[in-house]
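Below is one structure, written out as structure tokens, with a few remarks after it.
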Amino acid sequence: MGVESGAIPVKAGRMGSLVSKARAWYSGVPLLGWLLGVLVAVALEHILGRRVARALGMSKEPVLFGFVTMLRDPALLPSAVLYVLLIYLLPIAAVARLTAQLTNRLAATLLSLSSGVSSAVHLGLIYGALHLWSDLSDYRLLLVRLTLIAIMVTLSLNLVNGYMGEFSCSHPGFMALGAYTASVFTVILFVDDRVFGAPLLALPPLLGQFVFPIALILGGVVAALGALLVAVPSFRTRGDYLAIVSLAFMFIVKSLIENLEIVGGPRGLQGQPDWANLPTVFLWAVACIWIINNFVRSTLGKALNAVRDGEMAANAMTVDTRRTKMVAFLFAAFWAGVAGGLFAHVLRYVNPGTFDLKKLAEVLAMVYLGGLNSVMGSIVGAVGFNLLSEALRPLQIIKWMIIPVLLILVMIFRPTGLIAFREFDVQELIRPKGEPQQH
Amino acid sequence: MIFFQNLVNALQLGSFYALIALGYSMVYGVLMLFNFAHGDVFMVGAYIGFLVSTGLLTLANLGAVALPTWLILALTIILAMFLTSFVGMLVERVGYRPLRGAPRASAAISGLMIGIFLETFVLWLGGPKRRSFPALIESTTYELGGVIVTNKKIVIVLVSMLLMLALHLFVRRTKWGMAMRAMAYDYVVVPLMGVPLNTIAALTFGLGSALAAAAGVFFGIAYPVLDPYMGIRYGWKAFVAAILGGRGSVLGAALAGFMLGFIEIFVAWIFPSTWRDLIAYSIILLILTLRPHGFFGEPYSAQLRL
Amino acid sequence: MPSLQVEGMTHYFGGLRAVHGYDLRVEPGQIRGLIGPNGAGKTTIFNLVTGRYTPTEGRITLEGEEITGLEPHKIASKGLGRTYQNLRLWRHMTVLEHVKLARYSKIGYGLVGAFFGTSRRHREEAEIEERANTLLELVGARHFADQVVTSLPYGAQRRVELARALATEPKILLLDEPTAGMNLEELVQMMDIVRRIHDELGLAIFLIEHRMKIVMELCDVIQTLVFGQVIAEGTPNEIQRNPAVIDAYLGKDVVT
Ligand SMILES: Nc1ncnc2c1ncn2[C@@H]1O[C@H](COP(=O)(O)OP(=O)(O)OP(=O)(O)O)[C@@H](O)[C@H]1O
Ligand SMILES: [Mg+2]
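Chains as they are written, first to last, in our numbering: chain A, 1 to 439; chain B, 440 to 745; chain C, 746 to 1001.
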């Protein structure tokens, strides 16, 4: 047995193409190694990015992997590609490969401590990378936070549309409920506001961080209560009923808020305290993914799949299908509400117009792009959609012709989405890769 | 008197909704699909009507052909319906046919995306500017006991009803209509019986789109401005109305469309007009809660899922 | 006390009287058969007993406890397991997940456990899995536990359905044509399994079957249903000789 795990890659390389060679070369790199690579790359950008960008003829580091730069000024295409290669791809590739042995051993050690510790370390690395990356521009910081929120929304809708196989359209409505509830809570209590007057509780700003979860949970609960209004009539009958009722509900919520002058009507509500910083949003997104993933992998959660694939049989196998549907729907609405609360505090402004059909189309697009019945699918769908949407921004309205076409193609070739029906197994993700070291 | 005035207005608004709702309802009834692109097909129909009528008027003004206005109106309606039916069939061909056999929700998403595409396409071609629809009917106003009725309204409501009647007869009396209804009854068996599913699907989309185009032209005549977002503004409400009418029921969809028109006009009369959507949707929700299968719908089969 | 007792059950589908004045008494540990021509109402009786439909008239008791009109999942968790004539498996789920899910009503960890992955949940899930594996072993389906059901051959799917029904811990098991559509090999295997679960688990079994040989071999008592009414009830021998049964159902040449 070779000390280098390169023994196998060499053999594969002799027969296979360059791609399979590269793949074999990297098959022994654990997630930890990749994350380390990303962290190094992002740190590199922090130190050298500006200088490299200038050297390549750009005024500053490309904000989104060169896509925006390329589309704005096609002449800069080579520079942008070179930049991405130098700052991201090469360092990541090099670090991941060179440290493979080290990171494998580390991953094994961490895992032997406990999978909780190992997960925490991985999350720490992810957070570190996101933090450094978004530190370079406000735009990136905003994008990262909105994308994390989008993951929450997508995943929670996947619970209903993917795992449970219903078709719900009310997620923008639930987000709106959460956004407004959380905003009203924080603005009344803690902000000197024109509409609601002096804060009821004058707290030192530091304490706000501790009150914020209450506001978000409150938003989630109100959204879940709204969901009850949809669920009670919808789950009595079957078929497409939920689709229609939830759609009507979405319009009702929007219209209701527009008519509530106390929260600003169509003009919206602003002045939310600046509490939804990156760590806060990150933690909530992680909590959301973790809890939902726990749920869908438990036998109680599998009941959702049984309801989707055969409600009658599920009922005859002791599954309380009505309760199952209710719980899942309210639970999904809760997370949409929390996400809405975060959304309002990231933008520090909400208006009812945000939560309309466009939002619905976006959320549905993310769910079905990423893949039904899949946590990883929702993450990929949300991240992919947001990156794509931002990358194509320089094209202005043409973007909204390209994105639909892409989605139609995805639907035609992968009707249930890119990564559908896959379990999200954290243990599997974080385990060391390659051959076990015997030395 | 104001009541009757509102009634007249409601009839006109209801005609638009009913014509659009029919398209949703037919696709839903025959193919069990949500055609989320239909609202935008209505918008495209209105724009096609705009192009056709502007073109014809220019020709007439140049003196190239002698066209009386009534003929231009008739030609606009017919040509817009004809051309838009191809748009509808294209929507089916591109967005729905490749997805036959896929989960119905995927087809719905595909339709939604086609809708966005159409909207953007029109926006891109024509710009965000509102277009004013040429006046094809010399406006004349009649006063009947204090109620003001324009000849436009009379034409719109009458022709709409005629079109609905024609559709009803088509579905009930002709071979193709029968095939469509058979399909609505049993999606799986009919293709086996030798009725070509693709033809029926195309026919269903084409007919629905033609009616939507008529609605679009009438809309242009009534409120002579068009914008790329009119499709989503009116289409989604018509969609909900279509479901309210009952699965695949022509009569139900038409009735629900008129009802929606009435609710909207009368809400705006009694309450501040900003409450219109709120109350209209609440009423729809209430009716659906009491009558889950709509006015004329059959109970959904338990097997059907998106 | 009988395992399952039905008294005077009648059911109408609109104007159609599908079941009429049906009585049944299944003793613990008994294997009961129900035969009858197509459309006689056999499956409807199962659907009535399991709570899918509420009978227009009549009373159903399970070990002395009345279950008429209860929701299907409540009836199932009181100890009534069933399989379907046309398989009703969950097409995206694995074999193991099927069997585990049938223990739904016995799960004690609740939503807190499901959301936060408490140690109680891990313990219970492990128990459920162990139990599920035992049942899969019993029906000979252990080796494809991790496969999605739709990838299995038909006979295997039927056995998965059986294991799933067993996982609900029934006191009485209702089998609706357990060998329908099976080839000879699968059929023999199935009969073997039915016998084994009867012997090992001591269950009462109530089965619908079209293949006479199987009914005659397995059952202690057989009912014959025609147009929703029982026209004969007795041991296999009695049924085979009953002229009314021969006339209405078996046909002259079947009894050999
Ligand atoms: N849900 C229903 N609605 C209306 N009629 C029904 C329904 N279910 C069954 N029937 C009718 O009730 C009668 C009995 O049906 P059932 O399925 O119980 O027959 P069966 O004895 O199981 O026949 P088979 O041997 O073919 O399985 C049939 O005439 C059938 O058409
Ligand atoms: Mg049967």
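Positions of the beta carbon are idealized from the N, C-alpha and C atoms, including for glycine.
**Item:** Of the residues A/Gly220, A/Leu283, A/Leu177, A/Leu418, the one placed nearest A/Leu256, counting alpha carbons only
**Value:** Closest option to A/Leu256, Cα to Cα, is A/Leu177.
**Request:** In the DSSP assignment, find the beta strand (DSSP E) that holds C/Tyr757 and state where it starts and stops.
**Result:** Run containing C/Tyr757: 749-758, per the beta strand (DSSP E) assignment.
**Request:** Give me the Cα-Cα distance between A/Met1 and A/Ala107, rounded to the nearest whole angstrom.
**Result:** Confidence at A/Met1 is low in this model, with a pLDDT of 35, below 50, so the placement of that residue should be treated as unreliable; the coordinate-derived value is given next. When only Cα atoms are considered, A/Met1 and A/Ala107 end up about 21 Å apart.
**Prompt:** Pairing CB atoms from the region 489-508 of chain B with CB atoms from the region 542-557 of chain B, are three or more of them under 8 Å?
**Reply:** No, because fewer than three Cβ pairs between the region 489-508 of chain B and the region 542-557 of chain B fall closer than 8 Å, the two stretches do not touch.
**Request:** Please report the residue range of the beta strand (DSSP E) in which B/Ile595 lies.
**Result:** According to the DSSP assignment, B/Ile595 belongs to no beta strand (DSSP E) but to the alpha helix (DSSP H) extending over 590-612.
**Prompt:** Any heavy atom of ligand 2 within a distance shorter than 7 Å of the CB on C/Gln968?
**Reply:** No heavy atom of ligand 2 is found nearer than 7 Å to the CB of C/Gln968.
**Item:** Residues that DSSP places opposite C/Glu810 in a beta bridge
**Value:** According to DSSP, which records beta bridges pairwise, C/Glu810 is partnered with C/Leu807.
**Cross-chain neighbours of C/Asp847 in chain A, by beta carbon under 7 Å** = Residue identity differs from the one stated: residue 847 of chain C is Ala in this sequence, not Asp. Under the 7 Å cutoff, chain A gives Met317, Thr318.
**Prompt:** Who are the near neighbours of A/Gly13 in its chain, counting only those whose CB is closer than 6 Å to its CB and skipping five residues on each side?
**Reply:** The pLDDT assigned to A/Gly13 is 44, lower than 50, so where the model puts this residue is not dependable; a value taken from the coordinates is nonetheless given after this. Result list for A/Gly13: Lys21, in chain order.
**Request:** Assign C/His888 to buried or exposed, taking buried as 16 or more other Cβ atoms, counted over all protein chains shown, within 10 Å of its Cβ.
**Result:** Flag for C/His888 reads exposed.
**Message:** Judging by CA-CA distance, which residue of A/Ala179, A/Trp290, A/Gly208, A/Thr181 is the nearest neighbour of A/Val191?
**Reply:** Distances from the CA of A/Val191 to each of A/Ala179, A/Trp290, A/Gly208, A/Thr181 were compared; the closest alpha carbon is that of A/Gly208.
**Message:** Between which residues of its own chain and B/Trp714 is the CB-CB distance below 7 Å, once the five residues before and five after are set aside?
**Reply:** Correct list, in chain order: Val706.
**Asked** Unbroken alpha helix (DSSP H) runs of length 4 or more, entirely within the region 757-843 of chain C: which are they?
**Response** Runs of the alpha helix (DSSP H) inside the region 757-843 of chain C: 787-794, 817-822.
**Asked** In whole angstroms, what is the alpha-carbon distance linking A/Leu342 and A/Ala179?
**Response** For A/Leu342 and A/Ala179, the distance between alpha carbons rounds to 7 Å.
**Reduced DSSP secondary structure (H/G/I, E/B, other) of A/Met1** = Any reading at A/Met1 needs caution, since the residue's pLDDT is 35, under 50, leaving its predicted position unreliable; the model's value is listed next. Residue state, collapsed to three classes: coil.
**Request:** For C/His818, decide whether its Cβ has a neighbour in chain A, counting only Cβ atoms nearer than 8 Å.
**Result:** With 8 Å as the cut-off, C/His818 counts as an interface residue toward chain A.
**Message:** Quick check on DSSP: helix, strand or coil for B/Asp716?
**Reply:** In the structure shown, B/Asp716 sits in a helix (DSSP, three-state: H, G or I).
**Length of the line joining the Cα atoms of B/Ala449 and B/Phe455** = If you take the alpha carbons of B/Ala449 and B/Phe455, they lie about 10 Å apart.
**Asked** Can you name the residues of chain A whose CB is closer than 8 Å to the CB of C/Ile852?
**Response** The answer, in chain order, is Thr299, Leu300.
**Prompt:** What residue from B/Ala460, B/Gly453, B/Gly684, B/Phe442 has the CA that sits closest to B/Leu646's CA?
**Reply:** Ranking the options by Cα distance to B/Leu646, first place goes to B/Ala460.
**Asked** Heavy atom of ligand 2 less than 7 Å from the Cβ of C/Thr924, yes or no?
**Response** No, since every heavy atom of ligand 2 falls outside the 7 Å radius drawn around the Cβ of C/Thr924.
**Request:** Taking a Cβ distance cut-off of 9 Å, strictly less, list which residues of the region 513-545 of chain B are near chain A, in chain order.
**Result:** Result list: Val533, Gly534, Pro537, Leu538, Gly540, Ala541, Pro542, Arg543, Ala544, Ser545.
**Request:** Name, please, each residue of chain A whose Cβ falls closer than 7 Å to the Cβ of B/Trp714.
**Result:** Asn259, listed in chain order.
**Request:** Compute every distance between the C-beta of C/Gln830 and the non-hydrogen atoms of ligand 4, then say whether any falls below 7 Å.
**Result:** With respect to small molecules bound, the structure shown includes ligand 1 and ligand 2 and not ligand 4.
**Message:** Please confirm whether B/Met552 has its beta-carbon closer than 8 Å to some beta-carbon of chain A.
**Reply:** Using a Cβ-Cβ cut-off of 8 Å, B/Met552 counts as an interface residue toward chain A, since at least one Cβ of chain A sits closer than that to its own.
**Request:** Mind listing, in chain order, the continuous alpha helix (DSSP H) runs of no fewer than 4 residues lying wholly within the region 135-162 of chain A?
**Result:** Counting only runs of 4+ residues, the alpha helix (DSSP H) found wholly inside the region 135-162 of chain A occupies 138-158, in chain order.
**Item:** Three-state secondary structure assigned by DSSP to B/Ala476
**Value:** Residue state for B/Ala476 is assigned as coil, using DSSP reduced to three classes.
**Request:** Could you pull the start and end residues of the beta strand (DSSP E) that C/Thr895 belongs to?
**Result:** Run containing C/Thr895: none; DSSP gives neither H nor E here.
**Prompt:** Who are the Cβ neighbours of A/Leu216 in its own chain at under 6 Å, not counting the five residues just before and after it?
**Reply:** Within the same chain, Ala182, Val338, Gly341 come within 6 Å of A/Leu216 by CB-CB distance, once the 5 residues on both sides are set aside.
**Request:** Consult DSSP for A/Arg422 and reduce its assignment to one of helix, strand or coil.
**Result:** In this structure, DSSP gives A/Arg422 an extended state, which the three-state scheme calls strand.
**Message:** Give me the residue from A/Ile214, A/Leu146, A/Met366, A/Leu387 with the minimum Cα distance to A/Leu440.
**Reply:** Outside the modelled stretch of chain A, which goes from 1 to 439, sits residue 440 of chain A, for which no answer is possible.
**Request:** Could you check how far apart the C-beta atoms of C/Lys851 and C/Ala877 are, in whole angstroms? I think they sit under 8 Å.
**Result:** At roughly 12 Å, the Cβ-Cβ gap does not stay under 8 Å, so C/Lys851 and C/Ala877 are not in contact.
**Asked** CA-CA distance, C/Arg833 and C/Leu841?
**Response** So the two alpha carbons sit approximately 15 Å from each other.
**Message:** Quick check: the Cα distance between B/Pro731 and A/Tyr241, rounded to an integer number of angstroms?
**Reply:** Going from the Cα of B/Pro731 to the Cα of A/Tyr241 covers about 7 Å.
**Request:** Quick one: give me the first and last residue of the alpha helix (DSSP H) that B/Ile516 is part of.
**Result:** Per DSSP, B/Ile516 is one residue of the alpha helix (DSSP H) stretching across 508-530.
**Item:** Nearest-angstrom Cα separation, counted from B/Gly453 out to B/Gly696
**Value:** Cα to Cα, B/Gly696 sits roughly 5 Å from B/Gly453.
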